[in-house]
């Protein structure tokens, strides 16, 4: 699965995935008013318990690497395009 990544790079990835302080930094920068994802967990819930969620995210990340499996739901996205004016034929509108 990770054949194209060198061992030093892989060690860097693994240590980053285990960095709870990094997750707490990311959580602190998230907006509370963002919409919930398909898991229905809002950022306001995550921001209310940053230490716990940082620990959970680190644990899940490590397990995924150990098992070499990732949730299928994480490999999908749902996009809702919002027209904000301009030419309807132009995808940037």
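In the working numbering, the protein residues as written are 847 to 939. Here a beta-carbon is modelled for each residue, glycine too, at the ideal position from N, C-alpha and C.
Simplified DSSP state of residue 909, which is helix, strand or coil: helix
Count the other C-beta atoms from every protein chain shown that fall within 10 angstroms of the C-beta of residue 916, then say buried if there are 16 or more, exposed otherwise. exposed
Would you call the CB atoms of residue 873 and residue 900 closer than 9 Å? yes
Residue 792 classed as buried or exposed, judged by whether at least 16 other C-beta atoms fall within 10 angstroms: No answer is possible for residue 792: the residues shown for the chain start at 847 and end at 939.
Taking the beta carbon of residue 869 as the centre, do at least 16 other beta carbons fall within 10 Å, making it buried, or is it exposed? buried
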